[in-house]
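Have a look at the structure below before the remarks.
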Amino acid sequence: MKNYTERFGIIWGFIFFGISILMTATFILPIYIGYVVEKIGTLFNMIIKADSIGKSTYFICVLVLSIVIILYIVAYLKTNNFKILDTLLIILFLTILIFLNSALFYIDWFKPNFRIDGQQSFNMIVKPLLTCWIYPIIGFIHYLKFKVAK
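In our numbering, the protein residues as written are 6 to 155.
Here it is as structure tokens:
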């Protein structure tokens, strides 16, 4: 059990790496996640009355990502309680999986020459392939914290 605790970040980093690649293989899952995130942005847009649902959805994505990343960094720097860090790592990975891909999609959406037609769904499908490398890197950084604390 000691090796699993030591390598928790690396193991989960590669699990989320695999999930991210499998999301692209399913075709429908990245689009569904993007749809759910856009519905959250629509609800937020009704509250703040923004001029664009895309902009409010992008704002929600960046806000949620920023909050979770800051929480993880603060916990990483301030605590040696690995149960808290491991839980925050999984929350960070889930947040990246859900919100980062959608935020990248909206960055492309706001580009001047972005084609708004049926091809845009393929843009959402490939986003998990672009972000899958993040999970093992963050997992390795998490592993280094365990090694330094030892």
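Where a beta carbon is used, it is the ideal one built from N, C-alpha and C, also for glycine.
I need the DSSP call for residue i, collapsed to helix, strand or coil.
i: ALA55; result: coil
i: LYS116; result: coil
i: TRP17; result: helix
i: SER32; result: Note that residue 32 corresponds to Phe in the displayed sequence, not to Ser. If DSSP states are grouped into helix, strand and coil, PHE32 belongs with coil.
With distances taken between CB atoms, is the gap from residue i to residue j smaller than 8 Å?
i: VAL42; j: ILE96; result: no
i: ILE36; j: MET129; result: yes
i: GLY14; j: PHE145; result: yes
i: GLY46; j: ILE38; result: no
i: PHE49; j: PRO141; result: no
How would you label residue i, buried or exposed, when you count the other beta carbons within 10 angstroms and need 16 or more for buried?
i: ILE78; result: exposed
i: TRP138; result: exposed
i: PHE127; result: exposed
i: PHE40; result: For clarity, residue 40 is Tyr in the given sequence; the question names Phe instead. It is exposed - the Cβ of TYR40 has fewer than 16 other Cβ atoms within 10 Å.
i: THR44; result: Note on residue identity: the sequence assigns Lys, not Thr, to residue 44. With fewer than 16 other Cβ atoms within 10 Å, it is exposed.
i: ASN86; result: exposed
i: LEU99; result: exposed
i: ILE33; result: exposed
i: THR62; result: buried
i: LYS152; result: exposed
i: LEU149; result: exposed
i: SER71; result: exposed
i: ILE101; result: buried
i: PRO133; result: buried
>> Under 8 Å, with one C-beta from each stretch per pair, do the region 77–91 and the region 48–67 reach the 3-pair mark?
In response: Contact fails: fewer than three Cβ-Cβ distances are below 8 Å.
> In chain order, which alpha helix (DSSP H) runs of at least 4 residues are fully inside the region 37–117?
Replying inline: Inside the region 37–117, DSSP marks whole alpha helix (DSSP H) runs of 4 or more residues at positions 58–83, 87–100, 106–114, from first to last along the chain.
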